[in-house]
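Some notes on the structure that comes next.
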Amino acid sequence: MGISAASGKVIGVITTSGSAVANLLPAAVEADRSCHPLLFLTADRPLRLKECGANQAVNQQDFLTSVCRYFGESPKEGIHLISKERLTSLVEKSFEMASNLPGPVHINIAYEEPLHPCEIDQKKVLDGWGFEGFLKDKIISNNTEIVKKSPSLKLPKLDPFSFGIIIVGPWRGKVKQLDSFRRALKKWQKLTGWPILADPLSGVENDQEGVINHWDLFFSTGLFEKIQEVQVLRLGPLPPSRELNSWLKKPGKIQLLITEGDCRNLDPIGDSTQFSEGFSYWVNKLFESIPKKPEIDKNIISRKLTNKLINYDLLIDDWLDKRLFRNGLITEPALARLLPRLLPSTVPVMLASSSPIRDWLSYAGKWALFRRCFGFRGCSGIDGTLSMGMGLSIIMGRMILVTGDLALLHDTNGWLFSKDKSISLIVIMIDNGGGGIFNQLNIDRIQEGNFEEIFLMPQQVCHLTLAKAYGLKYRQVACLDDLEQAIEWSFSFSSNVLIRVCTNSVEDHKLRVSLRDDLKRTLSDNLSSFD
Numbered sequence: 016m017g018i019s020a021a022s023g024k025v026i027g028v029i030t031t032s033g034s035a036v037a038n039l040l041p042a043a044v045e046a047d048r049s050c051h052p053l054l055f056l057t058a059d060r061p062l063r064l065k066e067c068g069a070n071q072a073v074n075q076q077d078f079l080t081s082v083c084r085y086f087g088e089s090p091k092e093g094i095h096l097i098s099k100e101r102l103t104s105l106v107e108k109s110f111e112m113a114s115n116l117p118g119p120v121h122i123n124i125a126y127e128e129p130l131h132p133c134e135i136d137q138k139k140v141l142d143g144w145g146f147e148g149f150l151k152d153k154i155i156s157n158n159t160e161i162v163k164k165s166p167s168l169k170l171p172k173l174d175p176f177s178f179g180i181i182i183v184g185p186w187r188g189k190v191k192q193l194d195s196f197r198r199a200l201k202k203w204q205k206l207t208g209w210p211i212l213a214d215p216l217s218g219v220e221n222d223q224e225g226v227i228n229h230w231d232l233f234f235s236t237g238l239f240e241k242i243q244e245v246q247v248l249r250l251g252p253l254p255p256s257r258e259l260n261s262w263l264k265k266p267g268k269i270q271l272l273i274t275e276g277d278c279r280n281l282d283p284i285g286d287s288t289q290f291s292e293g294f295s296y297w298v299n300k301l302f303e304s305i306p307k308k309p310e311i312d313k314n315i316i317s318r319k320l321t322n323k324l325i326n327y328d329l330l331i332d333d334w335l336d337k338r339l340f341r342n343g344l345i346t347e348p349a350l351a352r353l354l355p356r357l358l359p360s361t362v363p364v365m366l367a368s369s370s371p372i373r374d375w376l377s378y379a380g381k382w383a384l385f386r387r388c389f390g391f392r393g394c395s396g397i398d399g400t401l402s403m404g405m406g407l408s409i410i411m412g413r414m415i416l417v418t419g420d421l422a423l424l425h426d427t428n429g430w431l432f433s434k435d436k437s438i439s440l441i442v443i444m445i446d447n448g449g450g451g452i453f454n455q456l457n458i459d460r461i462q463e464g465n466f467e468e469i470f471l472m473p474q475q476v477c478h479l480t481l482a483k484a485y486g487l488k489y490r491q492v493a494c495l496d497d498l499e500q501a502i503e504w505s506f507s508f509s510s511n512v513l514i515r516v517c518t519n520s521v522e523d524h525k526l527r528v529s530l531r532d533d534l535k536r537t538l539s540d541n542l543s544s545f546d
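So our numbering is basically just the index in the sequence shown, starting at one, shifted up by 15.
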C-alpha cells in the first residue's frame with residue numbers, strides 16, 4: 016500500500032488461501048477509504064473442497080467484498096479451465112476498476128491439484144498464454160480517466176466575492192492530479208482571499224497564500240464562534256477535529272463539498288452539497304462564468320479575516336516556541352514542533368495514527384506543510400504502520416516515519432523489509448508506554464489499574480533490543496538538545512534506523528490541556544476586537 020500511495024500505480028498483492036486472505040482486511044479497508052489502487056490476487060481451493068471440512072478451504076471470497084471496488088474470480092473448479100476471453104476480460108476489468116476510482120480489487124483464483132506441475136507442463140502453459148491480450152503496453156493503455164464530464168452537468172456555485180473559508184482535508188485524488196489541484200487552489204484563493212484550514216495530509220504546499228497554520232488551536236480560543244454566516248468550501252473528507260465538526264454543524268454555513276471523483280457520501284455533517292468531478296474541473300468551469308469583479312469589493316471581509324488570522328498565527332508561533340522549548344524537556348507537542356524544522360524539506364514524512372498526526376496538526380505550525388506527508392487517514396488504524404513506511408520509501412527514497420511504540424509493535428515484522436537495499440527509512444518512535452492517546456479520554460478512573468490494562472496496554476518490550484535482533488542501527492534521545500544530533504546521525508546511513516524518544520503520556524496530556532487553556536487567556540484581549 017505504501018508503494019501504491021506514493022506512485023499512484025496499481026500494485027499487486029499475492030497470497031495463499033485461508034487466514035492469509037483474512038490478514039488483508041486492514042489494508043483493504045484503508046485502501047478503500049484512502050483511494051489507493053491495490054489488486055489482491057488470492058489462491059483458493061477448488062469447489063470440490065469447499066464446505067466439506069477440507070484443510071485451508073474457507074469462504075475467503077467474502078472476506079473483502081464490502082470494501083473492494085470489484086470482486087472477480089477464476090472458474091470455481093480451477094484456473095486451468097479459464098478461457099482466453101474470460102481471462103482477458105478478468106485482467107482488463109480488474110485493472111480498470113482498481114484505477115478509475117482508485118481502490119482495492121480482489122481476484123480469487125482456484126487451483127486444482129497437482130499444485131506442482133512438471134517442467135514440461137509449466138512450459139505448455141507459458142507458451143500457450145503468450146498472446147496479445149497480455150502485452151504490457153496494452154494493459155497500460157487501459158489506464159484511462161473514469162469520470163467523463165457531462166456538458167450538461169449542473170455546477171454548484173459559491174460567490175467568490177463574498178465571505179468564505181476553505182477547508183482542505185486529506186488528499187484522496189490520484190497522484191498525477193495533485194499538481195492541478197494545487198494550481199486550482201492558488202487560483203481560487205487569489206481570487207477570493209479566503210483563509211485556508213489544511214490537514215497535514217492535504218498535499219497543500221507551504222508557499223500557498225492564506226494558509227492558517229494553527230487553525231486547530233484557534234478553535235479552543237472560541238475565535239471561530241464569532242464566525243457564523245459564511246460560505247464553506249470543503250475539499251475532500253474533513254480533518255478529524257471535533258471542534259471543527261461542531262462549528263460546521265451550527266447554522267449559517269453554506270457548504271460545498273468537492274471530491275476527486277469519489278461519489279460516495281463523504282459528509283458526516285450532512286449539510287453540504289457534494290460535487291464529485293474534482294476541484295480543478297470545478298474552478299476552471301466556474302471561472303468561465305464568473306462575472307466581472309463588482310465595484311464594491313465584497314470579499315474585503317474575507318481578506319481582513321485572513322490577515323487577522325495570520326497575525327494571530329504569528330503571535331501563537333512565538334508563544335508556542337517559548338512554552339515548548341524553555342526547559343529542553345522532550346514532550347510530544349515539543350517533538351511535533353521541533354522535528355519538522357530539523358528535517359530537510361525534500362524528505363517526506365509518514366505520520367502514524369493517534370498522537371503523532373494530531374500533534375503535527377496542532378503544533379508543527381508553518382513547518383507542517385513543508386514536505387509531503389502520508390498516513391492512515393482513511394480509517395485511522397495502526398495495522399501495517401512500519402510496512403507502509405517501507406513501501407513509501409521504495410518510491411520516495413529517504414523517508415521519515417513518526418510513530419508511537421504500540422503502533423510499531425503491531426508491525427515489527429515490517430523490519431524484515433530491511434534486507435531491501437532500496438528502502439531507507441528513519442523511524443522516530445515515541446515510546447510513551449502504550450496507547451498514550453487514551454489518556455486524552457475524559458473517563459472517570461475509578462479503578463486506575465483497569466484503565467491502564469484495557470486502554471494503555473503497556474508492553475514489556477525493549478524496542479532497542481528488538482532493533483538489535485533485526486540488525487538495525489539505533490539510538491536513544493534523552494532531551495530536545497540531542498534530537499538534532501540524532502537526526503544528523505541517522506542521515507549518515509543509507510539503511511533503516513530507529514531513534515527512540517521516551518515521553519510521559521500522562522504529563523503530555525496535562526500539557527496539551529494547559530496549552531489550550533493558557534492560549535485562550537493569552538488571546539482573550541485580542542479576541543475582544545475580533546469582528
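Each residue gets a CB set at the ideal place from its N, CA and C atoms; glycine is no exception.
Because the structure is a prediction, the values reported are computed rather than measured.
Tell me, to the nearest whole angstrom, how far the beta carbon of residue i is from that of residue j; I am working on the premise that it is less than 8 angstroms.
| i | j | result |
| --- | --- | --- |
| residue 402 | residue 17 | 7 angstroms |
| residue 221 | residue 380 | Not really, about 11 angstroms apart at Cβ, beyond 8 angstroms. |
| residue 494 | residue 325 | About 33 angstroms separates the two Cβ atoms, so there is no contact after all. |
| residue 77 | residue 124 | Not a contact, Cβ separation roughly 16 angstroms. |
| residue 407 | residue 385 | So it is not a contact: roughly 17 angstroms between Cβ atoms. |
| residue 86 | residue 121 | 5 angstroms |
| residue 248 | residue 181 | 5 angstroms |
| residue 443 | residue 417 | 5 angstroms |
| residue 190 | residue 251 | 15 angstroms between Cβ atoms; not a contact. |
On the criterion of 16 or more Cβ atoms from any shown chain inside 10 Å, does residue i qualify as buried, or is it exposed?
| i | result |
| --- | --- |
| residue 518 | buried |
| residue 55 | buried |
| residue 370 | buried |
| residue 348 | buried |
| residue 31 | exposed |
| residue 343 | exposed |
| residue 294 | buried |
| residue 66 | exposed |
| residue 486 | exposed |
| residue 302 | exposed |
| residue 266 | exposed |
| residue 534 | buried |
| residue 118 | buried |
Where does the unbroken beta strand (DSSP E) through residue i begin, and where does it stop?
| i | result |
| --- | --- |
| residue 505 | From DSSP, residue 505 is part of no beta strand (DSSP E) but of the alpha helix (DSSP H) over 495-505. |
| residue 86 | 85-88 |
| residue 287 | 287-290 |
| residue 270 | 268-273 |
| residue 488 | 488-492 |
May I have the straight-line CA-CA distance separating residue i from residue j, to the nearest angstrom?
| i | j | result |
| --- | --- | --- |
| residue 315 | residue 510 | 52 angstroms |
| residue 141 | residue 104 | 19 angstroms |
| residue 82 | residue 43 | 7 angstroms |
| residue 480 | residue 97 | 51 angstroms |
| residue 270 | residue 50 | 23 angstroms |
| residue 280 | residue 289 | 8 angstroms |
| residue 599 | residue 514 | Given a span of 16 to 546 for the chain in the structure shown, any question on residue 599 remains unanswerable. |
| residue 473 | residue 521 | 13 angstroms |
| residue 477 | residue 26 | 34 angstroms |
| residue 102 | residue 109 | 11 angstroms |
| residue 601 | residue 80 | Residue 601 lies beyond the stretch modelled for the chain, which goes from 16 to 546, so this question has no answer here. |
| residue 19 | residue 400 | 14 angstroms |
| residue 128 | residue 488 | 46 angstroms |
| residue 95 | residue 89 | 9 angstroms |
| residue 405 | residue 429 | 8 angstroms |
| residue 53 | residue 41 | 13 angstroms |
| residue 241 | residue 439 | 47 angstroms |
| residue 197 | residue 218 | 8 angstroms |
| residue 173 | residue 202 | 15 angstroms |
Which residues in the same chain as residue i place their Cβ atom closer than 8 angstroms to its Cβ, once the five residues preceding and following it in sequence are excluded?
| i | result |
| --- | --- |
| residue 286 | 263, 264, 268, 270 |
| residue 205 | 224 |
Tell me which residue opens and which closes the alpha helix (DSSP H) that residue i is part of.
| i | result |
| --- | --- |
| residue 44 | 40-49 |
| residue 404 | 400-411 |
| residue 236 | 230-236 |
| residue 356 | 347-357 |
| residue 119 | Looking at the DSSP string, residue 119 is not in any alpha helix (DSSP H); the run it does join, the beta strand (DSSP E), is 119-125. |
| residue 324 | 315-340 |
| residue 302 | 294-304 |
| residue 372 | 370-378 |
Going by beta carbon distance, what residues of the same chain come within less than 7 angstroms of residue i, once the five residues before and after it are set aside?
| i | result |
| --- | --- |
| residue 300 | 170 |
| residue 482 | 489, 513 |
Spell out whether any CB of chain C is found under 8 angstroms from the CB atom of residue i.
| i | result |
| --- | --- |
| residue 340 | Although the question refers to chain C, the structure presented lacks it and comprises just one protein chain. |
Report all residues from its chain with a CB closer than 6 angstroms to the CB of residue i; omit the five preceding and five following residues, and keep chain order.
| i | result |
| --- | --- |
| residue 230 | 212 |
| residue 71 | 32, 33 |
| residue 422 | 367, 397, 400 |
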